[in-house]
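First residue of the sequence shown: 5, per our numbering; consecutive thereafter. Before any comments, here is the structure.
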Amino acid sequence: MEVSHLPYAYFEGAIMPLADAKVSIATHALQYGTGVFAGIRGYLDQDGSTINIFRLHDHMTRFSQSAGLIKIALGMDVASLCDLAVELTKRNAPTSNVYFRPFAYKSGLDLGPTLSGISDSFSIYMLPLGNYYSDDSGLSVMVSSWGRTQDNVVPARGKISGSYINAAITKDEAVGYGFDDAILLNSRGKVSEGSACNLMMVRRGVLTTPPITADILEGITRRTVLQIARDAGMPVEEREIDRTELYLAEELFFCGTGVQVEAVTRVDHRLVGGTGTVGPITARIRENFFDIVQGKAPEYRDWLTPVAALSPVAAD
Ligand code: PMP
5 MEVSHLPYAY FEGAIMPLAD AKVSIATHAL QYGTGVFAGI RGYLDQDGST INIFRLHDHM
65 TRFSQSAGLI KIALGMDVAS LCDLAVELTK RNAPTSNVYF RPFAYKSGLD LGPTLSGISD
125 SFSIYMLPLG NYYSDDSGLS VMVSSWGRTQ DNVVPARGKI SGSYINAAIT KDEAVGYGFD
185 DAILLNSRGK VSEGSACNLM MVRRGVLTTP PITADILEGI TRRTVLQIAR DAGMPVEERE
245 IDRTELYLAE ELFFCGTGVQ VEAVTRVDHR LVGGTGTVGP ITARIRENFF DIVQGKAPEY
305 RDWLTPVAAL SPVAAD
């Protein structure tokens, strides 16, 4: 998916044109994957001029923690990271839904895969972003022949650049076989997550998802979905899931910043729930989710950081 970016980025301590934000090919992170990133969405409000950034503080908290996992010091607290995203939004003045990509990385030109004593850098850029999938009739997925990276191989709960080879190779295999995406099992053979999203299953009426010890990324959308379900009085369970449960499930769906909430209606060529249609719990959670991110649910407004973004702010 080739994308166009918004014109301004934060790079090496200043907001500047994205076109000038460049690194050397000898950069440590480029060679060894020693970077961490975040993916955050901002939604255009019903007023047509405000961008509501979704769970900005939670994303920046995880970003900061991911950086700590590979010994990157951001030199900025979470509140300042959030302020920076807001400032960049004003500078870029987007007129549609957006995606933020904070990226912290070992910027030194050092040779040798280690973590200590290598200089760091930190950047943010933005792009307009609509839905990942063009229709919402449900995804066809396979259980991957690749396993999910184990937490004691590469930290699974950090968004570490190098570990996204795992997502890339998995998704590429699935698409090559004609599927939309894949579900990964972990090293214990239990269901972990999608290639770049978490998985939810409805089984015997209970909304079920693998626990945070199943080598998953601790997704912020996952947490959001669990909260929406609990608030709606639905039974919810975090427990290990076996592969064959995917075949017996009433409903399956993916959730994540990129995919948002997307039904999975086929697994390994089997129709989910026997019908292969979007189930009622998925449809309800999806509707609630989009109401919340679009600012239509007052009780969840705390999750939104509104930025008045319509008028461009002149560059210095
Ligand atoms: N798992 C992986 C591997 C991911 O890359 C993502 C996307 N960030 C998720 C799960 C979902 O996390 P979130 O809801 O925080 O975007």
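The C-beta atom is built at its ideal place from N, Cα and C for all residues, glycine as well.
Just reading off the beta strand (DSSP E) that residue 13 is part of, what are its end residues?
-> Per DSSP, residue 13 is one residue of the beta strand (DSSP E) stretching across 12 to 15.
> Thinking C-alpha only, which one of 113, 141 and 101 is nearest residue 130?
Replying inline: Per the Cα distances, 101.
* Could you check if residue 89 is buried or exposed, using at least 16 other CB atoms within 10 Å of its CB as the buried criterion? => With 16 or more other Cβ atoms within 10 Å, it is buried.
### Query
Between which two residues does the alpha helix (DSSP H) carrying residue 35 extend?
For residue 35, the enclosing alpha helix (DSSP H) begins and ends at 32 to 36.
Inset, instruction - Just tell me which of 229, 252, 248 and 71 has its CA closest to the CA of residue 242. - result: Residue 242 has its Cα closest to that of 229, out of 229, 252, 248 and 71.
Pick from 301, 120, 41 and 186: whose alpha carbon is nearest that of residue 171? A check of alpha carbon separations from residue 171 across 301, 120, 41 and 186 identifies 186 as the nearest.
Alpha-carbon to alpha-carbon, residue 189 and residue 246:
About 9 Å.
**Cut-off 8 Å between Cβ atoms - residues of its own chain near residue 318, not counting five sequence neighbours on either side** = No answer about residue 318 holds up, because its pLDDT of 46 lies below 50 and its placement is not dependable.
- Buried or exposed: residue 110, going by 16 or more other Cβ atoms within 10 Å of its Cβ? Buried: at least 16 other Cβ atoms inside 10 Å.
Taking all protein chains shown into account, do 16 or more other C-beta atoms lie within 10 angstroms of the C-beta of residue 98, making it buried, or fewer, making it exposed? It is buried - the Cβ of residue 98 has at least 16 other Cβ atoms within 10 Å.
Hey, would you say the C-beta of residue 37 is under 8 Å away from at least one heavy atom of ligand 1?
-> Flag unset: Cβ of residue 37 not near ligand 1.
Residues bridged to residue 149 by DSSP?
Residue 149 has no beta-bridge partner at all, per DSSP.
Quick check on the burial criterion: 16 or more other C-beta atoms within 10 angstroms. Buried or exposed for residue 8?
By the 10 Å Cβ count, residue 8 comes out exposed.
Do the region 204 to 219 and the region 247 to 262 meet, that is, are 3 or more Cβ pairs less than 8 Å apart?
-> The region 204 to 219 is in contact with the region 247 to 262.
Three CB pairs or more closer than 8 Å across the region 292 to 305 and the region 25 to 41 = They do not touch, by the three-pair rule.
- Message: I want to check one thing, is the minimum distance from the CB of residue 200 to the heavy atoms of ligand 1 below 8 Å?
- Response: Yes, since a heavy atom of ligand 1 falls inside the 8 Å radius drawn around the Cβ of residue 200.
Practice problem: Measure the C-alpha to C-alpha separation of residue 316 and residue 87 and round it to an integer number of angstroms. | Solution: Because residue 316 sits at a pLDDT of 49, beneath the cut-off of 50, its placement in the model cannot be relied upon, and the following sentence gives the value as read from the coordinates. Rounded to the nearest angstrom, the two C-alpha atoms are 17 Å apart.
Q | Of the residues 128, 213 and 52, the one placed nearest residue 225, counting alpha carbons only | A | Selected option, being the one with the closest Cα: 213.
So does the region 139 to 157 actually touch the region 272 to 282, counting three or more Cβ pairs closer than 8 Å?
As far as the Cβ criterion goes, the region 139 to 157 touches the region 272 to 282, which means the pair count is three or higher.
task: Tell me, to the nearest whole angstrom, how far the beta carbon of residue 54 is from that of residue 310; I am working on the premise that it is less than 8 Å.
output: The C-beta distance from residue 54 to residue 310 rounds to 5 Å, short enough to fall under 8 Å.
Cut-off 8 Å between Cβ atoms - residues of its own chain near residue 17, not counting five sequence neighbours on either side: The beta carbon of residue 17 is closer than 8 Å to none in its chain, skipping five residues each way along the sequence.
*Count the other CB atoms within 10 Å of the CB of residue 24; is the residue buried (16 or more) or exposed (fewer)?*
Exposed, because fewer than 16 other Cβ atoms sit within 10 Å of the Cβ of residue 24.
- request: State buried or exposed for residue 304, treating a residue as buried only when at least 16 other CB atoms are found within 10 Å of its CB.
  value: Residue environment for residue 304: buried (at least 16 other C-beta atoms within 10 angstroms of its C-beta).
- [ ] Buried or exposed for residue 106, please, with buried defined as at least 16 other CB atoms from any protein chain shown within 10 angstroms of its CB.
- [x] With 16 or more Cβ atoms within 10 Å of its Cβ, residue 106 is classed as buried.
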